[in-house]
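Structure first, commentary second.
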């Protein structure tokens, strides 16, 4: 399933809803599906907010693939080159005088088994892979 | 999934000045601005504490956590506290992963929250 989405939060949730439906249709367990939906929300939100600067005229793509062994989510955008796998993890706890940051990538790393990034031409291509129990 | 927000004063909790915010549905990048707007109104009033009741919350992302973090900081400035009760296991896991909300009190339910506040008040009275 391939979705073309406008750079808005509502469209991010349209992709999340599509993933949740795909998961339910294929009896993916609730736990892994919740985590993967969250990972998709975080990554797609970053594309909307940073790569595409919330320009509602711009679009990005999300492709969802399900097999018996895995679910693979591909996010593709034509924003500035950015590799989220290289983003530093903010391991220290938030303090009252420091704004929260890096929560999104922390959640993505926790809820996926593999994250792959490549730059293809003028596109960022991010793959999130969640292996499903046999 | 939409977000339903129900704001009530002193409901459930016996503590005066405590506002309970019941969330249902999804607190995400699309719905978190709505919660932020609602809570701005609440924080403008004489609130001593906020209790987020998450019994019906099915999804939360970092966007939602940021709103809760912002609210907690504003309430600290007013000398108040922020608590969370009735988290579903998956929501609790998200909070645990982030570990970035020190000072946010998490309780199993409103009774546990009330017992904690009562004990804290008793302790302050004994000291003073």
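Protein chains in written order, with this note's numbering: chain A, 4 to 137; chain B, -8 to 119.
Beta carbons are placed, not taken as given, at the ideal position from N, Cα and C, and that holds for glycine.
Small disclaimer: the values here were computed from a predicted structure and weren't measured.
Legend entry - Within 9 Å of chain A by C-beta, residues of the segment 9 to 36 of chain B in sequence order: 17, 19, 20, 21, 22, 23, 24
Inset, instruction - Taking the CB atoms as reference points, tell me whether residue 55 of chain A and residue 26 of chain A lie closer together than 9 Å. - result: no
Legend entry - Per-residue DSSP class, three states only, for residue 8 of chain B: coil
Inset, instruction - For the alpha helix (DSSP H) containing residue 32 of chain B, list its first residue and its last residue. - result: 23 to 34
Inset, instruction - Select from the segment 104 to 121 of chain A all residues with a C-beta closer than 7 Å to any C-beta belonging to chain B, and list them in chain order. - result: 106, 107, 109, 110, 113
Legend entry - residue 36 of chain A - DSSP class collapsed to helix/strand/coil: helix
Inset, instruction - Identify the contact partners of residue 2 of chain A in chain B, using a Cβ-Cβ distance below 9 Å as the criterion. - result: Residue 2 of chain A cannot be examined here, being either before or after the span of chain A that is shown, 4 to 137.
Inset, instruction - Assuming residue 39 of chain A and residue 22 of chain A form a contact by the criterion Cβ under 8 Å, report the distance between their Cβ atoms to the nearest whole angstrom. - result: 7 Å
Legend entry - Outcome for residue 114 of chain B when other beta-carbon atoms lying within 10 angstroms are tallied against a minimum of 16: exposed
Inset, instruction - Flag this pair as touching only if the segment 50 to 57 of chain B and the segment 15 to 30 of chain B have three or more C-beta atom pairs under 8 Å; answer yes or no. - result: yes
Inset, instruction - Decide if residue 4 of chain A is buried, meaning its Cβ has at least 16 other Cβ atoms within 10 Å, or exposed. - result: exposed
Inset, instruction - Would you identify the three-state DSSP class for residue 85 of chain B, choosing helix, strand or coil? - result: helix
Legend entry - Classification of residue 111 of chain B by the beta-carbon crowding that lies within 10 angstroms, buried from 16 upward: exposed
Legend entry - CB contact check: residue 54 of chain B to chain A, cutoff 9 Å: yes
Legend entry - Cβ pair count under 8 Å reaching 3, the segment 55 to 70 of chain A against the segment 110 to 121 of chain A: no
Inset, instruction - Step through the CB atoms of chain A and report whether any lies within less than 9 Å of the CB of residue 45 of chain B. - result: no
Inset, instruction - Would you kindly work out how many angstroms separate the C-alpha atoms of residue -7 of chain B and residue 117 of chain B, rounded to a whole number? - result: 46 Å
Legend entry - Neighbour flag for residue 31 of chain A against chain B, beta carbons, 9 Å: no
Inset, instruction - Determine the chain D residues that contact residue 34 of chain A at a beta-carbon separation under 8 Å, and present them in chain order. - result: In the structure shown, chain D does not exist; the protein chains are A and B.
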